[in-house]
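*Asks:* Just dropping this structure here.
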Amino acid sequence: MDLVLQLLVNGLVNGSHYALLGLSFGLIFGTTRITHFAYGSLYALSAYACWWVTAKLGLPLVAGFAAGIAAGAAAGLLSYGLLYRPFERAGSPPLVILIASLGLFIVVENAIGIVFGTDTKVVPSPPASLFLVGPAAFTSVQLAQLGALVVIVLGLWLFLSQTRFGRAVRAQTDNPEMATIIGIDTVRLSALVFALGSAIAAVPACLILVKDGGTAYMGFLAVFMGFVAVVVGGIGSLRGAVAGGYALGLVESLGLWKIPSEWQSTIAFVVLFMVLLFRPQGLFAGRQ
Amino acid sequence: MKKLLLGIVALALAGGVVAQSAAGDPKVYKIGAILAMSGQASWYGTVMSQGIKQAVEEINAKGGVNAIPLEAVIDDHKSGNAQEGVSAMNRLLSIHGVKIVLTSFSAPTLAIAPLADQNQVLLLNGGGVSNNLVGASKYIFHNRSLAADLGRAAALHAQSMGAKRMAVLHWKNDAGDNIVRAVRPMWEKGGGSIVAVEAVPQGATNMDTQIAKVRSANPDIVALWMFAPEVGIAVKRLRELGMKQPLIGVEYTANDAKIAGEHGEGYLFINDYFQPSAEFPWSQQFAQGYERRYNAKPEFYAANYYEAVYVVAELLRRARAQGGDYLNGEALKKALYSNPKFDSVYGGQMVFQPNGVAFKRVGLFKVEGGQNKFQKYIEVR
Amino acid sequence: MDYILHVLVMVALFAILATSFNLLIGYSGLFALSHAAFFGIGAYATAIVALKLGLPFPIPLLMGLAVTAVAGVVVALPALRISGDYLVIVSLALQVIVIAVMLNWTGLTGGTDGIRGIPRIQILGASLDTAAKFLPLAVIVAALCYWGSWRVGASPFGRALKAMRENEAAAQAAGKNIVAMKLAVFAIAAALASVAGSLYAQYVTFISADSFTLELTIYVLAMVILGGTGNLAGSLVGAALLVVLPELLKFVDLPPDIADKLRQLFYGVLLIVMLRLRPQGLLPESASAHHYLAPAVRPRVDRPIAAAALEGRGLEKRFGGIVAVSKLDLALAPGRITGLIGPNGAGKTTAFNLLTGFIEPDAGEVAYRGRLLKGLKPHRIVRLGIARSFQDLKLFTRLTVLENVLVALPRQRGDHLAYVYFTPWAVASEERANLGRAMAILEFVGLQQRAAEPAADLSYAEEKLLAVARLLATDAEVLLFDEPLSGLAPNTLREMQPIFRRLADSGRTLAIIEHNLDVIRELCDTAVFLDEGRKLAQDTPERLMQDPVLAERYFK
C-alpha cells in the first residue's frame, strides 16, 4: 500500500511534467498545425539559458528561470519566423515541414553540445526539502513541478478565455480558414503561439535542470512525451493535453506496481494504445 | 567545398590504393579510435579522445615510436550505434589503412569484431566491459576490469559490511545485466537476499518509480550497477527522497559527482584503482598534463585510453624488433603476449590475461568531503 | 575499395526501407512509425533461424518475411479504426513493445547481449563475408524489392491506395475495400522492411536492440520525405543522399572534439536547405495514367440497362438523443429521377448514408432486387450496383481528373495484388480498356480537356462535374446524387441537367438531393419531402410545391 501511494505521488508529479510538455507542445501543434519536432532542442536551449545565468553568471535561480523563459520565447519566435513561415508560404505539405523541423532539432542539439560541452550541467539549488504524505516522499522540486502546472494552467485558461488574443487562438485552433475569414492575422497569431508555447516549455525544462541536470540531448524525450500526451489527450484540446500528460505519468508509474521496471515504457504504451482503441479521437476530442 | 571535392576525388582514385602492404615502415603510425563523439553519450567520447590526444602528443614530443610519429584518427559511432561503428571501421580500414583501433561501447565493438578478424586489426577497449566482449575478436584486448568483476567486488564489500538485503538499480543493457547475473549467486550463497532489481534505461533521467520500488523493499544496502551519468542522478535522488541506507556502486566520475553534489557524501564505489598521486609519478604527470590541456581533472576513462596508446606504442616497438611485416593484429598480439606486463598509468603494472583482459587492481573508494578517498584494494576472483 | 562498397550496401538496405516506407506513408497516407520495428523483427527472426537452425539462405529471409508480415497485419488491425496522428501512437506502441521484447526475452533474442556470430550468407559455396561479395546480392535484392514496390505503386491498386489516402469515405464510395487494402499494404511494407533486416543481420553478423529504435524510423522518414512521397524513385534518391551525405561530410577536416557534432549540425542545415529548395520533395508524385494512352474505343456511358427499384422500409436512425430518420419508407423507381427535398437537417443525407451502407439503421431494412443489404459495407453495396456522391464532393484532390474517374471503375483486376504480380499483362490490357471507358465518361460530362489536371486545380463547376463523373464511373444502376448542382450558375445548370435526364432515360434509378426548386421541378419525376427525419409527402414537384402546409415549412 505504501508503494502504491508513492507510485501515485510520483505519477502525479511526472504527470504534471508531461502535462506541461503536452500543454506547450499542444498549444503550438493545435493552433498552427506544425509538428514542431524542434521543440525538443528549444526546450534544451531554455534549460541551458537558465544554467548559464545561474551557474556561470552566479545570479539567483529565479533569474535563471526568467532567462530560460525569455530564451525559449525568443527561440520559438525565431524558429517560426525563420524556418516555418517560409515553408508555409511555399505551401509545403505538413510532412516536409516535419522533416525541416527535424533538421532544426539536429542543428540546435549539436550546437548546444559544441558550445557548452558534453558534460551534464547542474545548477546550485537550494537544499531540497523532503515532504511526506504518509509514507510517500517527494522533494521541493517535485512540488514545484506540480505547482507550476497549476499556475500555468490557470494562467493559460485566463489568457485563452479572457483576452482577445486568447480567443483568437481558440478560433484558429478550431478552424483556421474561418479564423482568416473573420479577420484574424493568423501569421502574427502563430508567431505569438510559438513564443508562448516555447516560453511555457521552458518551465519544465528549467525544473528538470534543477532536478536531474541538463544535457544537450534532453530534448528528444521531452518532445516525444509532449507529442504522446497531446495525441492521447485529443489534438486541439488543451484540457486533453493535460489529461494525456497525467495519463502518461500515472500509467508509467502505477503500471509498474507489480510489473518489473524493464517493461515501463511497454506498459505505458499498451495502456495508451487501449485508450485510443476505445476512444480513437483521444480523451477529449478537440478539433476533428 | 574544395575539401569536399578533393575528398570525393580521393575516394574515387583511392580505389586501388589500400593501406601499406609493404613490409617497410610507414611514414606515420595511424591509430584509429571509434568513440561516442556525438549523441547522448558524447561525454564519454570527449574524455576518451582527450586521453588519446594527450598520449599521442606526449609520445610525438619525444620523437614518436621507432622514430615514427603517431597519428590518432578519431571516428564516431554516435553513442553506441552498431551500423555507425561498422561504417567508421570501414572508413578507418579503407581510407586510413589503420591496423590498430581503440574501441568503445558494446554494440559497435561487437559489430566491428568480424572486420577486425578479417583484416587482422588490433582492438583495444578501455570502456565498460561486459562478458560478451571478452574474446569477441581474435585481436581484442581490454585494459579495464570486467563489469561483472567490479560488481562482485562491490557485493563482497557489502557482505563484509554485514548487509543482507540488497536492492539493485541497474542499467538496462548488457553491462548492467551482466553485473546483476554475476552478483546474485554469490550474494545468495553468502546468505543474503536480493529484495529488488530495478532496471533503468541508459540515458534515462527519471528514475523515481524505480527508486520508489527500491525504497518499499526495505533494503539494507542499495547497489547501483550503472555508469555515468546515471549514477550521479541515482545517488542524488535516492538521498533526496530520504533513503539513508548505504549506497554502493561501480562508478563515480566527476560528471556524477557534479550531479550528485553533496548527496554523494558517503557513497562507496569500486573502481579500477586510478588515483593520481605522488606515489605513482606517471599518474600524477598524466593528471597534471591533462589538467593543463583540458582544464579538468582526468577521468579514469581518459586514463585508460591514454594508457592504451602507450600500450600500442610499446607493442609497435616490440613487434618491429621482431622484423618482418609487423603492422598487423597477428604480430602485435604476439608481441603483447611475449610479455603481458605493461606499465599502467594507474601506477605499477597491469597484466594481460590469456582472455585478453588486463588485470588491474581494483579499489574501494568512498566519497568524503567531496573527494574520492581510497579505502582499500579488493581482490576480485 | 571496401569502404565505398560498404556504403553502397547500406544504400541498398536503406533503399529497401525507404521505398517500402513510402508505400505506407506516401501512397497510403498511413503514418505508422513502426518501420524500425519491422526491420528489427526481420533481423532477429533471420538471426535466430540462421544461427539456431542453421538453415541456408534464403530460408531465414523468407521466414523472417512471414513473421514480419504477420506483425504488419497486427499493427494494421487498430489502424482500421484509427487514422492520422492517432495511428502514430499505435505504431509507436508496437515499436516500443518490440524493443522491450528484444531486450528482455533473453532466451530467444539474447536480451541486452544481442545476437552475435550470425552465419554469413552462402551462395554457391562462397561465403559473402566482405562488402565486395555482399554488394551484388544486396543490389539484386534491393532491385527486386523496388520492383515489388513499384508494381504495387504503379498499378490500379496503387492508385486506389492514393485515393484512400485522399479520402477514405470517397474511396469506399468508389467501391474500394479499404480494410483489405490497409491490411495488404501493411503486410507488404513490413515484409519488405524485414527483407532489409534479414540482409542486415547476415551482413553485420551482430544485432542488438539499439539498432532498431525510433531514431532509425525517423532517419528513413527523412529519406522518404526528402525524396518525395508518392514517388518511389524519389525514395531511392532520398536513401542514397542521406546515407552518402554524412559520409562525405567526414572528409571535411575539423577539430576532432567537435568534428562529429559539427558534421551533424551541417547535416541538419543541409536537410533544411534541400527541403527549402524543393518544398514538395525532390521528385514529384507522378500520375499513374495518361489520357493520351487511351484507345480510340469509347464505350457508351448511358447504354440502356434495366435497373430495379431501391427500397428503404421503416428506416430508423438516432444519434444520441437526436432522431435523424424515423419510419422512413423510400422507393426509388428505375427510369425515374426521385428528388429528396426538405429543410437542412431533415435527414436527407442520412437517408443516403443508410441506403448505401455508410451507416447502419437502428431499425428497418434496405432492399435491392429482392436482396436485403443488411450489414454490407459500402464498397460491397457499390459492387452490387448502388452508388452515391457526397455533398462536400470528397474529390481525390492530388490525383488527376482522369485518375479520379479511373479509380472508380468497377471490377478491376488491378485492384487485386495477386493479378498485379502474377498476370501483369492482363492488368495492363484491362487498364488500357479502362482508359477508354474513363475518357468516355469524361466526354459525357464534358471534362475531357482537363483529364491530366490534378483535381485540386479545377474550378467549382468542374469539381461538381468530376463528382458526377466519378459516380458514373462505378457503373452503378442506382445513382444517388447529394446536392450535385448546388452553387452553380444558371447557364452551368442548364448544361448539366440533361446529363441526369439521359441517365434516367437509359433505365437507371436516380435520386437527387437538392435545394434548388427549379431544378427539382425540371428534373424530378417525383419528389419526397423530408422534415425532422420523417417523410411528410411524396408527389410530383408541382403538387408538392402547391401544398400550403409544406409551403409553410420550406418553400417560402
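Protein chains in written order, with the numbering used here: chain A, 9 to 296; chain B, 101 to 481; chain C, 489 to 1044.
We put the beta carbon where it would ideally sit given N, CA and C, even for glycine.
A quick note: this is a predicted structure, and the numbers were derived from the prediction, not measured.
1. Please classify residue 59(A): is it buried, with 16 or more other beta-carbons within 10 angstroms of its beta-carbon, or exposed?
2. Give me the Cα-Cα distance between residue 453(B) and residue 223(B), rounded to the nearest whole angstrom.
3. For residue 369(B), which of 325(B), 263(B) and 412(B) has the nearest alpha-carbon?
4. Tell me whether residue 735(C) sits in a helix, a strand or coil according to DSSP, three-state version.
5. Does any C-beta atom of chain C lie closer than 7 Å to the C-beta of residue 174(A)?
6. Ends of the beta strand (DSSP E) at residue 201(B)?
7. With DSSP as the reference, label residue 22(A) as helix, strand or coil.
8. Would you kindly work out how many angstroms separate the C-alpha atoms of residue 741(C) and residue 702(C), rounded to a whole number?
9. Quickly, what does DSSP pair residue 130(B) with across the bridge? List them, please.
10. Measuring CB atoms only, is the segment 1006-1025 of chain C touching the segment 840-847 of chain C, in the sense that at least three cross pairs come out at less than 8 Å?
11. Taking just the CA atoms, how far does residue 66(A) sit from residue 285(B)?
12. Measure the beta-carbon distance from residue 902(C) to residue 915(C) and round it to whole angstroms, keeping in mind my assumption that it falls under 8 Å.
13. Could you tell me whether the Cβ atoms of residue 251(A) and residue 26(A) are closer together than 7 Å?
14. At 3 residues or longer, and completely inside the segment 843-889 of chain C: list those beta strand (DSSP E) runs for me, N to C.
15. Would residue 701(C) count as contacting chain B if we go by Cβ distances under 7 Å?
16. What number of angstroms, rounded off, separates the C-alpha of residue 613(C) from the C-alpha of residue 693(C)?
17. Here's the rule: buried if 16 or more other CB atoms are within 10 angstroms of the residue's CB, otherwise exposed. What is residue 1032(C)?
18. So with Cβ pairs under 7 Å, would you call residue 296(A) a contact of chain C?
19. For the beta strand (DSSP E) containing residue 316(B), name the first residue and the last one.
20. Find out if the Cβ-Cβ distance for the pair residue 255(A), residue 240(A) is shorter than 7 Å.
21. Can you check which of these residues, 547(C), 579(C) and 555(C), is closest to residue 566(C) by C-alpha distance?
22. Which bits of chain A does residue 578(C) rub up against, with CB to CB less than 7 Å?
23. Could you tell me which chain C residues have their CB closer than 9 Å to the CB of residue 124(A), listed as they occur along the chain?
24. Please tell me whether residue 153(A) has its Cβ less than 7 Å away from any Cβ of chain B.
25. With distance defined between alpha-carbon atoms, name the residue in 161(A), 104(A), 109(A) and 102(A) nearest to residue 86(A).
26. My guess is that residue 407(B) and residue 445(B) are in contact by the Cβ rule of under 8 Å, so how many angstroms apart are they, rounded?
27. Is the separation between the beta-carbon of residue 502(C) and that of residue 678(C) shorter than 7 Å?
28. Are the C-beta of residue 403(B) and some C-beta of chain A separated by less than 7 Å?
29. Can you pull the DSSP bridge partners for residue 288(A)?
30. Please identify, using Cβ separations under 8 Å, the residues of the segment 80-96 of chain A that lie next to chain C, in order along the chain.
31. In the structure shown, what three-state DSSP assignment does residue 742(C) receive?
32. Going along the chain, which unbroken runs of the alpha helix (DSSP H) with 4 or more residues stay wholly within the segment 579-615 of chain C?
33. Just to make sure I have the definition right: I need the residues of chain B whose C-beta is within less than 9 Å of the C-beta of residue 138(A). Which are they?
34. Check each candidate in 116(A), 263(A) and 96(A) and name the one with the smallest Cα separation from residue 47(A).
35. Sort 724(C), 768(C), 795(C) and 750(C) by Cα distance to residue 122(A) and report the nearest one.
36. Identify every run of the beta strand (DSSP E) within the segment 221-278 of chain B, keeping only runs that are complete inside it and at least 3 residues long; order them along the chain.
*Replies:* A quick look at the data gives this:
1. Taking the first residue of the first sequence as 1, we reach residue 59(A) at position 51. Per the 10 Å Cβ criterion, buried.
2. Reading the second sequence from its first residue, position 353 is the one you call residue 453(B). Reading the second sequence from its first residue, position 123 is the one you call residue 223(B). Their Cα atoms are separated by approximately 15 Å.
3. Mapped onto the second sequence, residue 369(B) falls at position 269. Checked all of 325(B), 263(B) and 412(B); the closest Cα to residue 369(B) is 325(B).
4. Here residue 735(C) refers to the residue found at position 247 of the third sequence. Helix.
5. Along the first sequence, read from residue 1 onward, the residue named residue 174(A) stands at position 166. So no, residue 174(A) is outside the interface.
6. By 1-based counting over the second sequence, the position of residue 201(B) is 101. Run containing residue 201(B): 200-203, per the beta strand (DSSP E) assignment.
7. The residue you call residue 22(A) lines up with position 14 of the first sequence. Reduced to three states, the DSSP call for residue 22(A) is helix.
8. The residue given as residue 741(C) occupies position 253 in the third sequence. The residue given as residue 702(C) occupies position 214 in the third sequence. If you take the alpha carbons of residue 741(C) and residue 702(C), they lie about 30 Å apart.
9. Taking the second sequence and counting its residues from 1, one reaches residue 130(B) at position 30. Answer is 171(B), bridged to residue 130(B).
10. no
11. Reading the second sequence from its first residue, position 185 is the one you call residue 285(B). Reading the first sequence from its first residue, position 58 is the one you call residue 66(A). The alpha-carbon atoms of residue 285(B) and residue 66(A) are separated by roughly 50 Å.
12. Stepping through the third sequence from its first residue, residue 902(C) is reached at position 414. Stepping through the third sequence from its first residue, residue 915(C) is reached at position 427. Their Cβ separation, rounded to whole angstroms, is 4 Å, which keeps residue 902(C) and residue 915(C) in contact under 8 Å.
13. Start at 1 with the first residue of the first sequence, and residue 251(A) comes out as number 243. Start at 1 with the first residue of the first sequence, and residue 26(A) comes out as number 18. No.
14. 851-856 and 874-876
15. Mapped onto the third sequence, residue 701(C) falls at position 213. Chain B contact via Cβ: absent.
16. Residue 613(C) sits at position 125 when you count from the first residue of the third sequence. Residue 693(C) sits at position 205 when you count from the first residue of the third sequence. Cα to Cα, the separation comes out at about 18 Å.
17. The count along the third sequence starts at 1 and reaches residue 1032(C) at position 544. It counts as buried.
18. Position 288 of the first sequence, counting from 1, holds the residue named residue 296(A). Confidence in residue 296(A) is poor, its pLDDT being 44 and thus under 50, which makes the residue's placement too unreliable to answer from.
19. Mapped onto the second sequence, residue 316(B) falls at position 216. No beta strand (DSSP E) contains residue 316(B), which is instead part of the alpha helix (DSSP H) from 308-316.
20. Here residue 255(A) is taken as the residue at index 247 of the first sequence, counted from 1. Here residue 240(A) is taken as the residue at index 232 of the first sequence, counted from 1. For residue 255(A) and residue 240(A), yes; Cβs fall inside 7 Å.
21. Along the third sequence, read from residue 1 onward, the residue named residue 566(C) stands at position 78. Nearest of 547(C), 579(C) and 555(C) to residue 566(C), Cα basis: 579(C).
22. By 1-based counting over the third sequence, the position of residue 578(C) is 90. By Cβ distance, chain A contributes 281 and 284.
23. Locating residue 124(A) in the first sequence gives position 116, counting from the first residue. Those do not exist, as residue 124(A) stays about 11 Å from chain C at its closest Cβ, beyond 9 Å.
24. Walking along the first sequence from the start, residue 153(A) turns up at place 145. So no, residue 153(A) is outside the interface.
25. For the purposes of this step, residue 86(A) is taken as the residue at position 78 of the first sequence. Ranking the options by Cα distance to residue 86(A), first place goes to 109(A).
26. Looking up residue 407(B) in the second sequence gives position 307. Looking up residue 445(B) in the second sequence gives position 345. That pair is a contact at about 4 Å.
27. Numbered from 1 along the third sequence, position 14 holds the residue referred to as residue 502(C). Numbered from 1 along the third sequence, position 190 holds the residue referred to as residue 678(C). Contact: no.
28. Within the second sequence, numbered from 1, the residue matching residue 403(B) stands at position 303. Not closer than 7 Å to any Cβ of chain A, the Cβ of residue 403(B) fails to qualify, so no.
29. The residue you call residue 288(A) lines up with position 280 of the first sequence. BP columns for residue 288(A) are empty, so no partner.
30. 91, 94 and 95
31. Sequence index remark: in the third sequence, residue 742(C) carries index 254 (1-based). In the structure shown, residue 742(C) sits in coil (DSSP, three-state: anything other than H, G, I, E or B).
32. 594-597
33. Residue 138(A) sits at position 130 when you count from the first residue of the first sequence. Going along chain B in sequence order, the residues near residue 138(A) (Cβ under 9 Å) are 340, 341 and 342.
34. Numbered from its first residue, the first sequence carries residue 47(A) at position 39. Ranking the options by Cα distance to residue 47(A), first place goes to 116(A).
35. Locating residue 122(A) in the first sequence gives position 114, where the first residue counts as 1. Measuring from the Cα of residue 122(A), the nearest candidate turns out to be 750(C).
36. 222-225, 240-242 and 265-271
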